[in-house]
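Each residue of the sequence shown is one higher than the one before, starting from 1 at the first, in full-length UniProt numbering.
Here is the structure we will look at.
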Amino acid sequence: HLPGTSEEVAPPVQQCFMVPRKEINVVSDMAKWKRSQAYADYMGFILTLNEGVRGKKLTCEYKVSEPIEKLVALLNTLDRWIDETPPVDQPSRFGNKAFRTWYAKLDQEAEKLVSAVIPKNLADAAPEVAVYLKESVGNSTRIDYGTGHEAAFAAFLCCLCKIGVLRVDDQMAIVFKVFNRYLEVMRKLQKTYRMEPAGSQGVWGLDDFQFLPFIWGSSQLIDHPSLEPRHFVDEKVVNENHKDFMFLECILFITEVRNGRFVPQGRSLHIRYLALAVVFSSSFACLFALCLEKFPVIQHFKFGSLLPIQPVTS
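Here's what the structure looks like:
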């Protein structure tokens with residue numbers, strides 16, 4: 001799912017890019033999603049990256065290619081636009097309308113931003129890939145953000161792999177450099193514009209906004225010699241290790257936004273949360289059940305030539 005050589009990455013000559021569109025309109029359409037090439041490619045992408053970061057720290061050494069650096073620069077631009085678009089005074093505490101101004105800038109500039117990341121011979125792919133970037137930052141009408149938007153960013157990265165911009169030796173940098181920077185920008189958006197979770201409690205229930213950092217973060221922690229699940233509610237342990245582990249960085253952020261001690265909600269959530277870092281298969285099952293197989297999330301997913309709705313052919 002991540003190409004390795006220049007011969008592998010060249011897109012077929014007959015590739016016809018298209019602007020992605022919605023295909024999942026009613027609950028019964030979910031069967032099309034589960035049979036689709038998009039589903040197979042997306043899940044394969046998540047799994048491949050999961051193996052790539054297994055047992056590794058955020059602070060370890062890894063290759064940083066030119067496309068990775070360009071993606072970080074793109075995210076830095078989004079971050080700068082937040083600084084240039086301060087919240088406006090309004091009666092409502094949540095959903096600051098300045099987000100719509102920020103989003104309008106992205107909507108206008110997305111194709112240009114993507115074109116700066118991909119080579120000129122792939123310029124025709126920019127409109128298709130840019131849709132996933134625009135879908136990844138939240139909804140400008142509702143001023144909310146959730147795991148469906150996060151899924152769109154992963155789809156954005158997946159598309160860049162499928163056209164050969166990102167390669168197999170970019171695996172660790174995709175998660176540790178690009179996706180981690182994306183999380184930082186999204187958290188800044190959420191705090192600056194007081195964005196609501198997309199859904200009453202988020203599809204995860206532990207973090208109202210994110211899901212993938214718990215998947216990849218749990219893989220980082222597999223077979224760790226000293227960190228155990230019981231440590232993850234220990235404020236001292238979290239503060240000492242969050243820069244190395246995505247999972248703990250998520251917990252630190254949750255603690256900050258809830259203005260207090262981290263307390264998982266729900267009768268079974270605490271048990272599931274503690275088990276997640278130890279038994280990766282459980283967390284991946286949660287991804288299927290709680291995120292990518294839920295209609296409220298996938299109804300917004302868009303399909304094009306790179307992530308097609310057509311059934312898997314082989």
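Just so you know, even glycine gets a beta-carbon here, dropped at the ideal spot from N, CA and C.
Name, in chain order, the residues that DSSP records as bridge partners for residue i.
i, result
"residue 340", "Outside the shown range of the chain, which is 1 to 314, sits residue 340, and nothing can be said about it."
"Ser36", "Pro311"
"Glu196", "Asp144"
If distances are taken between C-alpha atoms only, which option among the options comes closest to residue i?
i, options, result
"Leu74", "Phe179, Ile24, Arg100, Ala98", "Phe179"
"Cys16", "Lys105, Glu128, Phe99", "Glu128"
"His149", "Glu184, Pro91, Gly138, Gly304", "Gly138"
"Cys60", "Thr255, Thr192, Lys177, Leu307", "Lys177"
"Ala40", "Val297, Lys22, Glu293, Ala116", "Glu293"
"Lys22", "Val312, Leu307, Val72, Pro311", "Leu307"
"Phe295", "Pro311, Val237, Thr147", "Thr147"
"Asp124", "Asn239, Ile254, Met18", "Met18"
"His300", "Ala173, Asp234, Lys134", "Lys134"
"Lys97", "Ser305, Val27, Thr141", "Thr141"
"Ala151", "Ile254, Ile82, Gln210, Glu240", "Gln210"
"Thr77", "Ile254, Leu47, Val117, Met43", "Val117"
"Asp79", "Ile68, Tyr182, Phe153", "Tyr182"
"Glu69", "Thr85, Asp170, Val297, Met43", "Asp170"
"Ala38", "Asn25, Ala154, His231", "Ala154"
"Ser56", "Lys120, Val27, Ala173, Pro87", "According to the sequence as given, residue 56 is Lys; it is not Ser. Here the closest residue by C-alpha is Ala173."
"Ala130", "Asn241, Pro20, Glu256, Cys291", "Pro20"
"Pro213", "Ile24, Leu47, Ser226", "Leu47"
My output table needs one value for residue i: the three-state DSSP class, helix, strand or coil.
i, result
"Pro311", "strand"
"Arg21", "strand"
"Ser219", "helix"
"Phe303", "strand"
"Pro127", "helix"
"Val278", "Caution applies to Val278, whose pLDDT of 45 falls short of 50 and renders its modelled position unreliable; the model cannot decide the point."
"Cys291", "helix"
"Tyr42", "helix"
"Leu269", "Residue confidence for Leu269 is low, a pLDDT of 46 falling below 50, so the modelled location carries little weight; the figure read from the coordinates is stated next. Leu269: helix per DSSP, three-state reduction."
"Leu47", "helix"
"Arg167", "coil"
"His231", "helix"
"Cys16", "coil"
"Gly79", "The question names Gly, yet the displayed sequence has Asp at residue 79. Of the three classes helix, strand and coil, the one that applies to Asp79 here is helix, per DSSP."
"Leu160", "helix"
"Thr101", "helix"
"Glu61", "coil"
"His224", "coil"
"Val175", "helix"
"Ser28", "helix"
"Ile118", "coil"
"Gln210", "coil"
"Gln90", "coil"
"Asp244", "coil"
"Ile298", "helix"
"Asn180", "helix"
"Lys191", "helix"
"Val185", "helix"
"Lys56", "coil"
"Asn239", "helix"
"Thr85", "coil"
Taking residue i and residue j to be in contact with their CB atoms under 8 Å, please state how far apart those CB atoms are, rounded to whole angstroms.
i, j, result
"Val175", "Leu49", "5 Å"
"Phe45", "Cys158", "4 Å"
"Tyr145", "Gln108", "Rounded, the Cβ-Cβ distance is 20 Å, inconsistent with contact."
"Pro311", "Arg54", "About 31 Å; that fails the 8 Å criterion."
"Val237", "Leu252", "Contact flag wrong, Cβ pair sits at about 11 Å."
"Tyr132", "Phe156", "4 Å"
"Lys188", "Ile254", "16 Å between Cβ atoms; not a contact."
"Ile298", "Met30", "7 Å"
"Thr192", "Pro87", "6 Å"
"Lys243", "Leu122", "Wrong, their Cβ atoms sit about 35 Å apart, outside the cutoff."
"Ile309", "Lys32", "6 Å"
Is residue i near the ligand HEM, judged by its Cβ being under 8 Å from some heavy atom?
i, result
"Lys32", "Absence of the ligand HEM is noted for the structure shown, with no ligands found whatsoever."
- Item | Contact the stretch 213-227 vs the stretch 239-248: 3+ CB pairs below 8 Å | yes
- Query: How about the stretch 89-102 and the stretch 111-119: do they share at least three Cβ pairs that are nearer than 8 Å?
  - Reply: Result no; under three Cβ-Cβ pairs closer than 8 Å.
- Stretch pair the stretch 148-165 + the stretch 189-197: three plus CB contacts closer than 8 Å: no
- Check whether the stretch 51-65 touches the stretch 94-109, counting contact only when three or more Cβ pairs, one atom from each stretch, lie closer than 8 Å. no
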